[in-house]
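Trainee: Starting off with a structure, shown below.
Protein chains: 2
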Amino acid sequence: MATTITDIVARDIRFPTSRAHIGSDATHPDPDYSAAYVTLRTSTDGLEGNGLAFTIGRGTEVCVAAIRALAPILRGKTVEGLAADLRGMWRSLTNDTQLRWIGPEKGVLHLATAALVNAVWDLYAKLEGKPLWKLLVDLPPEQVVAAIDFRYITDALTPEEALEILRRNAPGKAAREAEMRREGYPAYSTSAGWLGYSDEQLRRLCREGLAEGMSHFKIKVGVDVADDRRRAAIIREEIGPQRKLMMDANQRWDVEEAIRHMRQLAEFDPWWIEEPTSPDDVLGHAAIARALDPIGVATGEHCQNRVIFKQLMQAGAIRFCQIDSCRLGGVNEILAVLLMAAKFGIPVCPHAGGVGLCEHVQHLAMFDYICVSASLENRLVEYVDHLHEHFVDPVRMRGGRYQAPEQPGYSITMRQESLDEYEFPQGPAWKEQA
Amino acid sequence: MATTITDIVARDIRFPTSRAHIGSDATHPDPDYSAAYVTLRTSTDGLEGNGLAFTIGRGTEVCVAAIRALAPILRGKTVEGLAADLRGMWRSLTNDTQLRWIGPEKGVLHLATAALVNAVWDLYAKLEGKPLWKLLVDLPPEQVVAAIDFRYITDALTPEEALEILRRNAPGKAAREAEMRREGYPAYSTSAGWLGYSDEQLRRLCREGLAEGMSHFKIKVGVDVADDRRRAAIIREEIGPQRKLMMDANQRWDVEEAIRHMRQLAEFDPWWIEEPTSPDDVLGHAAIARALDPIGVATGEHCQNRVIFKQLMQAGAIRFCQIDSCRLGGVNEILAVLLMAAKFGIPVCPHAGGVGLCEHVQHLAMFDYICVSASLENRLVEYVDHLHEHFVDPVRMRGGRYQAPEQPGYSITMRQESLDEYEFPQGPAWKEQA
Chain H
158 MATTITDIVA
168 RDIRFPTSRA
178 HIGSDATHPD
188 PDYSAAYVTL
198 RTSTDGLEGN
208 GLAFTIGRGT
218 EVCVAAIRAL
228 APILRGKTVE
238 GLAADLRGMW
248 RSLTNDTQLR
258 WIGPEKGVLH
268 LATAALVNAV
278 WDLYAKLEGK
288 PLWKLLVDLP
298 PEQVVAAIDF
308 RYITDALTPE
318 EALEILRRNA
328 PGKAAREAEM
338 RREGYPAYST
348 SAGWLGYSDE
358 QLRRLCREGL
368 AEGMSHFKIK
378 VGVDVADDRR
388 RAAIIREEIG
398 PQRKLMMDAN
408 QRWDVEEAIR
418 HMRQLAEFDP
428 WWIEEPTSPD
438 DVLGHAAIAR
448 ALDPIGVATG
458 EHCQNRVIFK
468 QLMQAGAIRF
478 CQIDSCRLGG
488 VNEILAVLLM
498 AAKFGIPVCP
508 HAGGVGLCEH
518 VQHLAMFDYI
528 CVSASLENRL
538 VEYVDHLHEH
548 FVDPVRMRGG
558 RYQAPEQPGY
568 SITMRQESLD
578 EYEFPQGPAW
588 KEQA
Chain Z
158 MATTITDIVA
168 RDIRFPTSRA
178 HIGSDATHPD
188 PDYSAAYVTL
198 RTSTDGLEGN
208 GLAFTIGRGT
218 EVCVAAIRAL
228 APILRGKTVE
238 GLAADLRGMW
248 RSLTNDTQLR
258 WIGPEKGVLH
268 LATAALVNAV
278 WDLYAKLEGK
288 PLWKLLVDLP
298 PEQVVAAIDF
308 RYITDALTPE
318 EALEILRRNA
328 PGKAAREAEM
338 RREGYPAYST
348 SAGWLGYSDE
358 QLRRLCREGL
368 AEGMSHFKIK
378 VGVDVADDRR
388 RAAIIREEIG
398 PQRKLMMDAN
408 QRWDVEEAIR
418 HMRQLAEFDP
428 WWIEEPTSPD
438 DVLGHAAIAR
448 ALDPIGVATG
458 EHCQNRVIFK
468 QLMQAGAIRF
478 CQIDSCRLGG
488 VNEILAVLLM
498 AAKFGIPVCP
508 HAGGVGLCEH
518 VQHLAMFDYI
528 CVSASLENRL
538 VEYVDHLHEH
548 FVDPVRMRGG
558 RYQAPEQPGY
568 SITMRQESLD
578 EYEFPQGPAW
588 KEQA
C-alpha cells in the first residue's frame, strides 16, 4: 500500500531572538530566527514529513508563499514513487517551466525548494525506519548518484566520477559508521562570538565551551578593526595558542577591504576567514584567498546552489566548504556538493545554528564522513546552542561532538506546542509583544 | 509641498500568451507573460509611480508577496527625500537586516526590489516632467554616481572611475541627444525565432522584419541540433549573408555541450550565442567564450546582480552585456553595470520582450549612448512586438529603431482596463478560461 502525499501545509514560525541580540553579526544585527515550516501530510495514519526554510524574521511569509506555489508539484504523489526517481523529483521542483523564472535555483524559490525536498527525504527516511544519515549510508552508490542532478556541473564532476568516489570508500564504511555511533562528529562553537555580546559574556562563553570540550571557536568580525582586535585578543587569551580561532565577516567587505582588514587580524592566527565578501563573488573570494594565504577562506551559508560551489572550487577560492542544508536545494543538491568537494579535496564544514540547521547537518556530515570524504581532517560542524528545545529529536552533544541521531527521519520535526506558540503573527509569543 | 508615498499596491497581472506559444524557448515552453505590478500612490492628486517585476506565470504571486514585504520601507517617504539620496533609497531596500537573508540581491526579493526602485524613478521623472532617459541625461555626473551602490564592485569600478567616464563624455552629449530624438536607437527582432513556431511562420516573420528595416535577427536553439540547423538555414536564407544572426539557448546546455552544439551551428555564422549555460556560471561562460571565438558569448537576462556582471567582465566571459531592467535591482544597479561595461569596453545590448521590458530598456539604452558608451557600435536593443497595447505610453518603432520616449516617467504605466482584464485569477481574461 503506497503512501500518498495528501496535503502540504506551510507555516510562518518565528522566534523573537533579536530581543537578546542572539545571532547578531556585522550584517544581521537583529535576527529573529525563523522558519517557513513544511508538513507533508500523508495517507498513512500518523506519518508526516517535515522540512523548513531557515529565515531571520521578515520575509518568512514570502518563503511560505513560494512553498505554496511549489506544493502542487508534490501533492498527490506517492513517497515510493518519489523515492524511486529522486533526481526526477528534484528536477520537477527546480525546473517548473514557469516558476524557474523567479529563480532559477536561487533565493526565495530555492529556499522553498529545499524545505520541500528535505520534507520528502524526511518522509522517505521515516518510512524506511532509519535516521536520514543511515538511509543515505545504506543506499547503493548507484542510487546516491541517481539522486543528483548533474546539470551545469559535468565540467567539474561526472556521474562516473561520483560513483568512483563512493565505490572507493565502500571498504571502510562499516568501521566509520561504528566510529560515528561511538564517538560522534566533531563540532565547533559559534555561541561565544556574536557581535552584540559584552566582553564578559565572550569570556564566560569561551570558558563554558572549553569545559564542554570544544577545540575550535569562532568570532564575528567586520564592523570596526579596533573592536575586532580587542575581542580576538580576549578569545585567544582564553583558548590559548593551540586551539583554532575562526573569524566570520558575514559578507561585510569589498575585496580590497577584506584583505586590508584581515591583515590587521593576522597576528591572532585565524584558521579561516568566513564570508569575507559577497557570496556571489567567486573571483573576489579567489583574490582574497591568494592575498591572505595561509589564512584559509571559508564560505557557503549564502552560496545559492551547486553552480556557485563548483566555481569556488574550480577557482581555488575556498579552503573550507560550508554547505547550508536549507539554502542549497535540499539533500539532492547537498550530495552533489559533497562529491565535488571530495573530488577537489576540500573539507566540508557545514554551516549550522539558526533554527534546525544543527539538526539537519549532523546527518549530512556523518554521511560525508562514512561514504564520501572518509576523513575528519580539518572537518567540523558548526554548533550553536539555541532553540533545540523546539525539536522532537534535538541534537545531542557530548564532549564537543554531535552524537549520531537514532530516530527515523531528518530530525526536522518541531514540537506541536512550539509551532502553536511561535506562529507569526497569531501565536501567543507574538501577541504578547504586540 | 513635498509628495509623500501614501500607499503601495501590488497586483498579479498575467497574459495568457502560452495559448499561442508566444515566447516559447528551449527552457520555457509555455510562458504566460506576467507582471507583479506596483503602484506607488501619493499625496499629490493624480500622481502615481509604477514599476513591475516581469514573470512568466506561476510565481507572480510570490513576487507580489515580496513587494508587500518591502513596501513598509518606502511607505510614508517623500519622493523629494528619496531623490535626494538615491543610493540610500536603494540600500534601504537591498539591505533590510532581516529581508536580505532571503536574497540577498537575487531571485524573488531582487525582482521585487527592482519593481519598487523603478516605481520610485518613474515617480521622480514624472515629478520632474521628463522621460526617465532625459532625467538621467540631465543629472550632473556627481548625482549619477551618487545613485550607485559600489559595494562589492570597487575592485572593478571605483566612484572616481565612474565619474571620469561620465565627464569625458560630456562634450558630445547634446549632439547624441539630438541624434536619439531624430533617429532613435537601433533594435533587433526576436519575434521570428520562437521554438514553437512553424517554418512557415519563421519565414514570414523574417520577411516582415526585413520590411520593417531590421538588420539583426535572433533564433532560439538548444533542444535538437538537426532542428536548429534546419531553422538556422531558413533564417540565413531569408536574411542573406550580410545581416547578423544571433542564437539563444536559454541556459539549455552544460559547458561541454554548449561548445559541441555550437560547433555544429558555426557554419551559419552566428554573431553571438546567448545564455549557453547556467546564468550563475561565470567560469563556464569564460570557457565557452574561449572555445567558440570568434562567435561572441552574450548573457544577462538572468544575471542576478552587478556582482555576477562584474565577474563576467573580469573573466572575459561575455562579448555582449544583456542587462535586464527588472532582474537587476532597478535603475540604480543598471547604472553600475552600464559604467562597468564602459570601463571594460563591452557593448550593452539590453534584454527586452516580455511585459514592459521594451518600454523600460529604451530609456536605459538612450542614456547609455548619450552619457556612458558614446557609441552605437555592436549595440542594439532587443525588440519583441507583443503586449505593447497594454501600456499608456508604449514603445514607438520606426525603421527598426526605438523612438525616443517623450512622455514624463519610465513608460511602465499600464492601462487601467488591461490591469482589470488580466488580473489573476479574478480578471475576466482568466475567469473565462476557468
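Residue numbers (my numbering), protein chains in the order written: chain H, 158 to 591; chain Z, 158 to 591. Yeah, the Cβ is synthetic: ideal placement off N, Cα and C, and Gly gets one too.
What do you reckon, are the CB atoms on Z/Asp481 and Z/His508 nearer than 7 Å?
Mentor: Residue mapping note: residue 481 of chain Z aligns to position 324 of the second sequence, counting from 1. Residue mapping note: residue 508 of chain Z aligns to position 351 of the second sequence, counting from 1. Yes; because the gap between Cβ atoms is below 7 Å, this pair is in contact.
Trainee: Where does the unbroken alpha helix (DSSP H) through Z/Arg244 begin, and where does it stop?
Mentor: As a position in the second sequence, residue 244 of chain Z is number 87, starting the count at 1. Per DSSP, Z/Arg244 belongs to the alpha helix (DSSP H) from 243 to 251.
Trainee: Does Z/Gln421 pass the burial test, meaning 16 or more other C-beta atoms within 10 Å, or should it be called exposed?
Mentor: Numbered from its first residue, the second sequence carries residue 421 of chain Z at position 264. Its Cβ having fewer than 16 others within 10 Å, Z/Gln421 is exposed.
Trainee: Give me the subset of the region 307 to 321 of chain H whose CB atoms are less than 7 Å from a CB atom of chain Z, sorted by chain position.
Mentor: The region 307 to 321 of chain H vs chain Z, Cβ under 7 Å: Arg308, Tyr309, Thr311, Asp312.
Trainee: Z/Gln471 versus chain H: which residues are under 8 Å apart at the beta carbon?
Mentor: The residue you call residue 471 of chain Z lines up with position 314 of the second sequence. By Cβ distance, chain H contributes Leu440.
Trainee: Cα-Cα, which of Z/Asp426, Z/Glu432, Z/Ile162, Z/Ser191 is closest to Z/Ala240?
Mentor: On the second sequence, residue 240 of chain Z is found 83 positions in, with the first residue counted as 1. That would be Z/Ile162, whose Cα lies nearest to the Cα of Z/Ala240.
Trainee: Should Z/Gln255 be labelled buried (16 or more other beta-carbon atoms within 10 Å of its own) or exposed?
Mentor: Locating residue 255 of chain Z in the second sequence gives position 98, counting from the first residue. It is buried - the Cβ of Z/Gln255 has at least 16 other Cβ atoms within 10 Å.
Trainee: With a threshold of 16 other CB atoms inside 10 Å of the CB of Z/Lys615, please say whether the residue is buried or exposed.
Mentor: Residue coverage of chain Z in this structure runs from 158 to 591, which leaves residue 615 of chain Z outside it and unanswerable.
Trainee: By a C-beta neighbour count over all protein chains shown, 10 Å radius and 16 as the cutoff for buried, is Z/Gly233 buried or exposed?
Mentor: Working through the second sequence from its first residue, we reach residue 233 of chain Z at position 76. Z/Gly233 should be labelled exposed.
Trainee: Taking only runs that begin and end inside the region 253 to 292 of chain H, name each unbroken alpha helix (DSSP H) of 4 or more residues, in chain order.
Mentor: Segments of the alpha helix (DSSP H) lying fully in the region 253 to 292 of chain H: 264 to 285.
Trainee: From the beta carbon of Z/His543, is the nearest beta carbon of chain H less than 7 Å away?
Mentor: Your numbering for residue 543 of chain Z matches position 386 in the second sequence. Not an interface residue.
Trainee: Please classify H/Val505: does DSSP put it in a helix, a strand, or coil?
Mentor: Translated into the one-based positions of the first sequence, residue 505 of chain H becomes position 348. The answer is strand: DSSP assigns H/Val505 an E or B state.
Trainee: Does the distance from the C-beta atom of Z/Leu537 to that of Z/Tyr345 stay below 7 Å?
Mentor: As a working note, residue 537 of chain Z is residue 380 in the second sequence. As a working note, residue 345 of chain Z is residue 188 in the second sequence. Taking 7 Å as the Cβ cut-off, Z/Leu537 and Z/Tyr345 qualify as a contacting pair.
Trainee: Is any beta-carbon of chain H found at less than 7 Å from that of Z/His418?
Mentor: On the second sequence, position 261 is the one that residue 418 of chain Z refers to. Cβ-Cβ to chain H under 7 Å: no for Z/His418.
Trainee: Under 7 Å between the Cβ atoms of Z/Tyr194 and Z/Leu204?
Mentor: Within the second sequence, residue 194 of chain Z is the residue found at index 37, counting from 1. Within the second sequence, residue 204 of chain Z is the residue found at index 47, counting from 1. Cβ distance not < 7 Å, so Z/Tyr194 and Z/Leu204 don't count as in contact.
Trainee: Looking at C-alpha atoms only, which residue of H/Glu574, H/Pro582, H/Pro562, H/Gln583 is the closest neighbour of H/Trp290?
Mentor: Here residue 290 of chain H refers to the residue found at position 133 of the first sequence. The shortest Cα separation from H/Trp290 among H/Glu574, H/Pro582, H/Pro562, H/Gln583 belongs to H/Pro562.
Trainee: Determine whether the Cβ of H/Ala183 lies closer than 7 Å to any Cβ atom of chain Z.
Mentor: Locating residue 183 of chain H in the first sequence gives position 26, where the first residue counts as 1. Output row for H/Ala183: interface = no.
Trainee: Any C-beta of chain H within less than 9 Å: which residues of the region 255 to 279 of chain Z qualify?
Mentor: Cβ contacts with chain H: Gln255, Leu256, Arg257, Trp258, Ile259, Gly260, Pro261, Glu262, Lys263, Gly264, Val265, Leu266, His267, Leu268, Ala269.
Trainee: Measuring only the C-alpha atoms, how far is H/Leu231 from Z/Cys220?
Mentor: As a position in the first sequence, residue 231 of chain H is number 74, starting the count at 1. As a position in the second sequence, residue 220 of chain Z is number 63, starting the count at 1. Taking the straight line joining both Cα atoms gives about 21 Å.
Trainee: Are the C-beta of H/Ala222 and some C-beta of chain Z separated by less than 7 Å?
Mentor: Within the first sequence, the letter at position 65 stands for residue 222 of chain H. True, the Cβ-Cβ gap to chain Z drops below 7 Å.
Trainee: Determine the contact status of H/Phe477 and H/Trp429, defining contact as a CB-CB distance below 7 Å.
Mentor: Reading the first sequence from its first residue, position 320 is the one you call residue 477 of chain H. Reading the first sequence from its first residue, position 272 is the one you call residue 429 of chain H. Taking 7 Å as the Cβ cut-off, H/Phe477 and H/Trp429 qualify as a contacting pair.
Trainee: Please report whether the beta-carbon of H/Lys465 lies at a distance below 7 Å from any beta-carbon of chain Z.
Mentor: Here residue 465 of chain H refers to the residue found at position 308 of the first sequence. It should be pointed out that residue 465 of chain H corresponds to Ile in this sequence rather than to Lys. By this cut-off, H/Ile465 is an interface position.
Trainee: Can you look up H/Ala167 in the DSSP assignment and give me helix, strand or coil?
Mentor: Stepping through the first sequence from its first residue, residue 167 of chain H is reached at position 10. The answer is strand: DSSP assigns H/Ala167 an E or B state.
Trainee: Can you pull the chain H neighbours of Z/Arg215, defined as C-beta to C-beta under 8 Å?
Mentor: In the second sequence, residue 215 of chain Z corresponds to position 58, counting from 1. Residues of chain H passing the Cβ test: Ala226, Asp253, Gln255, Leu256.
Trainee: Using a Cβ-Cβ distance cut-off of 7 Å, determine whether Z/Pro298 contacts chain H.
Mentor: Residue mapping note: residue 298 of chain Z aligns to position 141 of the second sequence, counting from 1. It does not; no Cβ of chain H falls within 7 Å.
Trainee: Which runs of the beta strand (DSSP E), 3 residues or longer, sit entirely within the region 398 to 462 of chain H?
Mentor: For the region 398 to 462 of chain H, whole beta strand (DSSP E) runs of length 3 or above, ordered along the chain, are 401 to 405, 427 to 431, 453 to 456.
Trainee: Identify the continuous beta strand (DSSP E) that holds Z/Tyr579 and give its terminal residues.
Mentor: Within the second sequence, the letter at position 422 stands for residue 579 of chain Z. Taken as a continuous stretch (DSSP letters only), Z/Tyr579 belongs to no beta strand (DSSP E), being part of the alpha helix (DSSP H) at 573 to 579.
Trainee: Counting Cβ pairs closer than 8 Å, one from the region 443 to 454 of chain H and one from the region 491 to 498 of chain H, do we hit at least three?
Mentor: Result no; under three Cβ-Cβ pairs closer than 8 Å.
Trainee: Is there a Cβ from chain Z that is less than 7 Å from the Cβ of H/Thr212?
Mentor: Counting from 1 along the first sequence, the entry for residue 212 of chain H is found at position 55. Cβ-Cβ to chain Z under 7 Å: yes for H/Thr212.
Trainee: Terminal residues of the continuous alpha helix (DSSP H) containing Z/Arg588?
Mentor: The residue you call residue 588 of chain Z lines up with position 431 of the second sequence. A small fix is needed here, since residue 588 of chain Z is Lys in this sequence, not Arg. Segment 585 to 588, the alpha helix (DSSP H) holding Z/Lys588.
Trainee: May I have the straight-line CA-CA distance separating Z/Leu514 from Z/Arg338, to the nearest angstrom?
Mentor: The count along the second sequence starts at 1 and reaches residue 514 of chain Z at position 357. The count along the second sequence starts at 1 and reaches residue 338 of chain Z at position 181. For Z/Leu514 and Z/Arg338, the distance between alpha carbons rounds to 20 Å.
Trainee: Short of 8 Å in beta carbon distance, which residues of its chain neighbour H/Thr570, apart from the five on each side in sequence? Order them along the chain.
Mentor: As a working note, residue 570 of chain H is residue 413 in the first sequence. Counting only Cβ-Cβ distances below 8 Å, and skipping sequence neighbours, we find Glu205, Asn207, Asp279, Phe548, Val549, Asp550.
Trainee: DSSP puts Z/Asn207 in a beta bridge; with which residues?
Mentor: Position 50 of the second sequence, counted from the first residue, corresponds to residue 207 of chain Z. According to DSSP, which records beta bridges pairwise, Z/Asn207 is partnered with Z/Thr196.
Trainee: Quick check on the burial criterion: 16 or more other C-beta atoms within 10 angstroms. Buried or exposed for H/Gln461?
Mentor: Position 304 of the first sequence holds residue 461 of chain H. H/Gln461 is buried by the Cβ-count criterion.
Trainee: Does any residue of chain Z bring its CB to less than 7 Å from the CB of H/Asp187?
Mentor: Start at 1 with the first residue of the first sequence, and residue 187 of chain H comes out as number 30. At least one chain Z Cβ lies under 7 Å of H/Asp187.
Trainee: Determine the direct distance from the alpha carbon of H/His178 to that of Z/Arg409, and round the result to whole angstroms.
Mentor: Position 252 of the second sequence, counted from the start, is the residue given in the question as residue 409 of chain Z. Position 21 of the first sequence, counted from the start, is the residue given in the question as residue 178 of chain H. Each residue's alpha carbon lies about 45 Å from the other.
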